[in-house]
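Numbering (the working numbering), first residue to last: 88 to 536.
Take a look at the structure:
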């Protein structure tokens, strides 16, 4: 990830965080604005209603006492049915009635807000009960208006401006925090990007910095390192393949060139004999190439495992083998593994062919369960393999003297392919001690019942 690319990601995430916080805080601001307005209105009307009800309660048959005004509820009037103001507080003395609204006898207390050219007034209109009207005014209807000028927080947009400024400030703060956090979070990604950019085909040993923990970046670093490891392994296999093929093909190709040059230079060389020799050499080259490709496919290809009855497969391969050396088999029933049946059968064939080639009188095969594994043992009664060579024989193209004597045309890849197949099946193929001959042991994990 280049710096501009990282900056773009950082800016995008920060912008997204800022927009989301702006939307969320805007919603909170709208709810807060509505709640504050409702609360202020409720408090104003509670005060005005209390002032009106208290004044009515203080009236008697004589002239009503002057209204008691609070510092905020200072607009109080008593209005008769003709619309005349009979008594009023000092703030509205000599002024007409605050409103023409007249509550009904069924709903005697009403809260209202009315605006003129100069101001808006919030008031409560209270109509005394019929009994009070009868007692005080001989049944004539009266209304008490108690109000005050609308508070500035409701009359103007100051509240909205303050809340809007708070929302913008908080959104900016969230965006700033997001910028810092995203920048810190992307630093490991930038380090991973720089290290991957330094990796080349000629040097795949480098690994990216791996943070501790189980977060997404740590998982990304582990995945990148695992990918680099697999890539390095694949490239090493390819290099090894190319090296071995070039080494093993050099001798037969040199011989082939010599044969053809002799046939071309010397008239006494039989052309048919030269062609036959060249074809034999080409067949050996083709065998080497085919088996090396098979070894590469085993190491790099993947397969869908299936349940394989190893007992039945071993008995089938033993039954197919002829030759002068007999094969005896002892197998537990239903020994099953998971894997590729074609590849597992190839391992069994290679082991049986190798055992018959070196055996003197017999080959013994066993298939048993042991320690959670299926174990296949192929034992011959031949000369055996020296302990120092028991690992070396699994190296491609390595052939012992006895093997070259008994099979001069072999490629030396059969055991290497067999071990590679065992390893891809999470198993192992080794040579173990035996009283006589060579004892090849294949171990594969048992399939669950």
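Heads up, the beta-carbon is just placed ideally off N, CA and C, and yes, glycines get one too. In this text, all values refer to a predicted model and were calculated from it rather than measured experimentally.
Which of helix, strand or coil DSSP assigns to residue 519: strand
Sequence-distant residues of its chain with Cβ nearer than 8 angstroms to residue 308 (five each side left out): 275, 279, 295, 296, 297, 298
Start-end ranges of the alpha helix (DSSP H) lying completely within the stretch 94-181, minimum 4 residues: none
CB of residue 184 within 8 angstroms of CB of residue 166, strictly: yes
Contact between the stretch 231-244 and the stretch 121-135 (3+ Cβ pairs under 8 angstroms): yes
Contacting residues, own chain, Cβ-Cβ under 7 angstroms from residue 89 (five flanking each side not counted): At residue 89 the pLDDT is 46, less than 50, meaning the model places this residue with poor confidence and gives no usable figure here.
Continuous beta strand (DSSP E) stretch holding residue 453: start and end: 450-457
Identified DSSP bridge partners for residue 186: Partner(s): none; residue 186 has no beta bridge.
Beta-carbon contacts of residue 365 that lie in its chain and below 8 angstroms, excluding the five residues immediately before and after: 343, 346, 347
Where the beta strand (DSSP E) through residue 394 begins and ends: 393-396
Distance CB(residue 186)-CB(residue 210) smaller than 8 angstroms: yes
Same chain, Cβ closer than 8 angstroms to residue 501, neighbours up to 5 away in sequence not counted: 378, 437, 440, 441
Straight-line Cα distance separating residue 393 from residue 408: 25 angstroms
Contact under 8 angstroms by Cβ, residue 397 with residue 434: no
Separation of residue 471 from residue 525, as counted between CA atoms: 4 angstroms
Residue 103 versus 323, 523, 265, residue with shortest Cα-Cα distance: 265
When 255, 458, 357, 221 are compared against residue 534, the one with the closest alpha-carbon: 458
C-alpha gap between residue 155 and residue 173, whole angstroms: 15 angstroms
Buried or exposed by the 16-neighbour rule on C-beta atoms within 10 Å, applied to residue 168: exposed
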